[in-house]
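Residues 247 to 615 in UniProt numbering are what the sequence shown lists, from first letter to last. Ideal Cβ placement from N, Cα and C applies to all residues, glycine included. It should be emphasised that the depicted structure is a prediction, and the values quoted were computed from it without experimental measurement.
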Amino acid sequence: EKGGYDYFMLKEIAEQPKAVADTLLGRIDGSGRLTLDEVRIEQSALREIDKIVIVACGTAFHAGMIAKYAIEHWTRVPCEVELASEFRYRDPILDQRSLVVAISQSGETMDTLMALRHAREQGSKVLAICNTNGSTIPRESDAVLYTHAGPEVAVASTKAFLTQLVACYLVALYLGQVRGTKWGDEIYTVIRELSDISKQVDQVLETMEPVRELARSLKDKDTVLFLGRHVGYPVALEGALKLKELAYMHAEGFAAGELKHGPIALIEEDLPVVVVVPSPRGRSVLHDKIVSNIQEIRARGARTIVIAEEGDEAVVPYADHLIRIPATPTLLQPLVATVPLQVFACELATARGNEVDQPRNLAKSVTVE
Ligand code: M6R
Numbered sequence: 247e248k249g250g251y252d253y254f255m256l257k258e259i260a261e262q263p264k265a266v267a268d269t270l271l272g273r274i275d276g277s278g279r280l281t282l283d284e285v286r287i288e289q290s291a292l293r294e295i296d297k298i299v300i301v302a303c304g305t306a307f308h309a310g311m312i313a314k315y316a317i318e319h320w321t322r323v324p325c326e327v328e329l330a331s332e333f334r335y336r337d338p339i340l341d342q343r344s345l346v347v348a349i350s351q352s353g354e355t356m357d358t359l360m361a362l363r364h365a366r367e368q369g370s371k372v373l374a375i376c377n378t379n380g381s382t383i384p385r386e387s388d389a390v391l392y393t394h395a396g397p398e399v400a401v402a403s404t405k406a407f408l409t410q411l412v413a414c415y416l417v418a419l420y421l422g423q424v425r426g427t428k429w430g431d432e433i434y435t436v437i438r439e440l441s442d443i444s445k446q447v448d449q450v451l452e453t454m455e456p457v458r459e460l461a462r463s464l465k466d467k468d469t470v471l472f473l474g475r476h477v478g479y480p481v482a483l484e485g486a487l488k489l490k491e492l493a494y495m496h497a498e499g500f501a502a503g504e505l506k507h508g509p510i511a512l513i514e515e516d517l518p519v520v521v522v523v524p525s526p527r528g529r530s531v532l533h534d535k536i537v538s539n540i541q542e543i544r545a546r547g548a549r550t551i552v553i554a555e556e557g558d559e560a561v562v563p564y565a566d567h568l569i570r571i572p573a574t575p576t577l578l579q580p581l582v583a584t585v586p587l588q589v590f591a592c593e594l595a596t597a598r599g600n601e602v603d604q605p606r607n608l609a610k611s612v613t614v615e
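Pasting the structure below:
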């Protein structure tokens with residue numbers, strides 16, 4: 247069942263190149279137009295939408311945080327992302343012109359289900375992004391986009407996350423297409439870039455031995471911090487969540503720009519800090535700022551573990567450990583940058599003798615509020 251792997255999680259990490267390709271399958275017609283037939287919400291209604299609210303929990307919430315960048319950039323519709331467990335308790339402002347996007351691997355998460363029920367009571371349309379056919383969340387939504395990742399057995403979500411991201415990018419592009427903020431050629435370019443991701447993830451997977459070795463060397467540490475910026479910020483949060491649930495270590499993710507507003511006080515000699523570096527091409531200002539952050543924490547003793555694009559030489563002098571990822575467009579970087587963090591957490595858990603597929607105290611789907 248585990249296909250020769252020691253754990254389902256390892257199998258599911260390895261399945262990611264195929265999973266992301268499967269999410270794209272059948273959703274683009276011969277002329278490069280997106281055909282999301284499953285989105286059974288009238289195009290006229292989609293044109294009327296004045297706000298998008300994403301609700302989700304855990305890893306799916308991190309996918310939502312990343313989706314916000316793509317949605318706002320490509321559609322110019324304001325987008326909020328909220329933990330499903332917080333959402334309905336604060337009396338959110340919703341009406342017929344709000345589109346609520348519920349992201350859930352299992353489709354059974356009670357917090358997310360309650361949030362979408364609340365949204366529908368307010369007259370909002372709900373679109374589910376889900377991996378489990380026929381589960382409760384898609385059944386109670388107006389429309390569903392399935393991620394087609396195949397069954398995810400390990401409690402720690404891996405391939406579901408990557409495919410949720412792909413599905414979110416598709417939704418963002420589709421809204422852009424319907425609303426006319428994104429045109430044929432532009433959409434086609436992103437689709438091509440998304441189609442390339444599968445082999446880039448494969449490339450990352452082939453170079454993971456040094457990451458595993460590094461993880462083993464950190465097995466007696468108490469804390470690991472993660473820093474990122476822009477779409478790298480949710481990636482940092484996801485890296486920290488993986489480490490908490492699998493290695494039972496104290497792990498925290500921060501927006502790198504927040505360092506000087508508090509977290510930098512945590513830096514001490516030999517503290518491992520993982521930094522997700524944005525591409526030096528795209529938004530190069532952010533790149534340069536993060537390079538100075540790396541310098542700052544290293545000067546205070548941090549052991550820097552830097553995830554940076556191939557060819558980014560500016561980080562080399564400040565990286566105690568350098569993990570290379572292929573160059574991607576800025577918005578798509580999370581699809582490759584998350585993979586080393588999954589491998590890192592899985593290996594650390596193994597080195598600490600933890601049960602990888604069934605971490606203590608956790609369930610695969612959380613069906614209570
Ligand atoms: O099935 P869902 O996507 O709704 O689950 C949401 C979270 O419970 C889930 O992502 C959880 O955080 C994972 N264990 C993370 O690896």
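Practice item. Please confirm whether any heavy atom of ligand 1 lies closer than 7 angstroms to the CB of E615. Key: E615 Cβ: outside cutoff for every heavy atom of ligand 1.
Practice item. Confirm, please, whether the CB-CB distance from A302 to I339 is below 8 angstroms. Key: No, they are not a contact pair.
Point to revise | Three or more C-beta pairs below 8 angstroms linking the stretch 477 to 489 and the stretch 497 to 504 | key: Segments in contact, yes.
Check your understanding: Would K405 pass as a contact of E261 if the rule is Cβ separation under 8 angstroms?
Key -> Result yes, Cβ atoms of K405 and E261 sit closer than 8 angstroms.
Exercise for review: Taking only runs that begin and end inside the UniProt domain "SIS" (460 to 605), name each unbroken alpha helix (DSSP H) of 4 or more residues, in chain order.
Suggested key: The DSSP assignment places complete alpha helix (DSSP H) segments of no fewer than 4 residues inside the UniProt domain "SIS" (460 to 605) at 478 to 493, 530 to 545 and 580 to 597, in order along the chain.
Check your understanding: Per DSSP, I317 is paired with what?
Key -> In the DSSP assignment, no residue is bridged to I317.
Check your understanding: Which class does S331 belong to by DSSP, given the choice of helix, strand or coil?
Key -> Here DSSP, grouped into helix, strand and coil, assigns S331 to helix.
Exercise for review: Spatial neighbours of T382 within its chain, please: CB distance less than 7 angstroms, with the 5 preceding and 5 following residues excluded, ordered by chain position.
Suggested key: Excluding positions up to five away in sequence, the list reads G353, E354 and L359.
Review point. Rounded to a whole number of angstroms, what is the C-alpha to C-alpha distance between I274 and I443?
Key: If you take the alpha carbons of I274 and I443, they lie about 16 angstroms apart.
Review point. Any chance the CB of G508 is under 7 angstroms from a heavy atom of ligand 1?
Key: No, ligand 1 has no heavy atom inside 7 angstroms of this Cβ.
Practice item. Check K297 in the structure and name its three-state DSSP category. Key: DSSP, read as helix, strand or coil, puts K297 in strand.
Point to revise | A291 versus E514: straight-line alpha-carbon distance, rounded | key: Their backbone Cα atoms lie some 53 angstroms apart in a straight line.
Point to revise | Residues that Y420 bridges to, as DSSP identifies them | key: BP columns for Y420 are empty, so no partner.
**Study point:** Other residues of its chain near A573: CB distance less than 8 angstroms, five sequence neighbours each side excluded
**Key:** Annotation for A573: S525, R527, E555, E556 and G557 place their beta carbon closer than 8 angstroms to its own, counting only its chain and skipping 5 residues before and after.
Check your understanding: With which residues is K371 paired in a DSSP beta bridge?
Key -> K371 is bridged by DSSP to L345.
Check your understanding: Which first and last residues belong to the alpha helix (DSSP H) in which A260 is found?
Key -> F254 to A260 is the extent of the alpha helix (DSSP H) around A260.
Review point. Counting pairs of beta carbons, one from the stretch 363 to 381 and one from the stretch 329 to 345, are three or more of them closer than 8 angstroms?
Key: Yes, since at least three Cβ pairs between the stretch 363 to 381 and the stretch 329 to 345 fall closer than 8 angstroms, the two stretches touch.
Point to revise | Host beta strand (DSSP E) of L440 (start-end) | key: If you look at L440, you'll find it isn't in any beta strand (DSSP E); it sits in the alpha helix (DSSP H) that goes G430 to E452.
Check your understanding: Can you tell me whether L271 is buried or exposed, with buried defined as 16 or more other CB within 10 angstroms of its CB?
Key -> Under this definition L271 is an exposed residue.
**Study point:** Local Cβ density within 10 Å of H496, reported as buried at 16 or more and exposed below that
**Key:** The residue is exposed, with fewer than 16 neighbouring Cβ atoms inside 10 Å.
Review point. For D252, which of G310, A595, T269 and A609 has the nearest alpha-carbon?
Key: Nearest C-alpha to D252: A595.
Review point. Taking the Cβ atom as the reference point for each residue, do S403 and Q351 lie within a distance shorter than 8 angstroms?
Key: For the pair S403 and Q351, the CB atoms are nearer than the 8 angstroms cut-off.
Check your understanding: Looking at G310 and Y323, is the spacing between their C-beta atoms short of 8 angstroms?
Key -> The sequence shown places Val at residue 323, not Tyr. Remark: C-beta atoms of V323 and G310 do not approach each other more closely than 8 angstroms.
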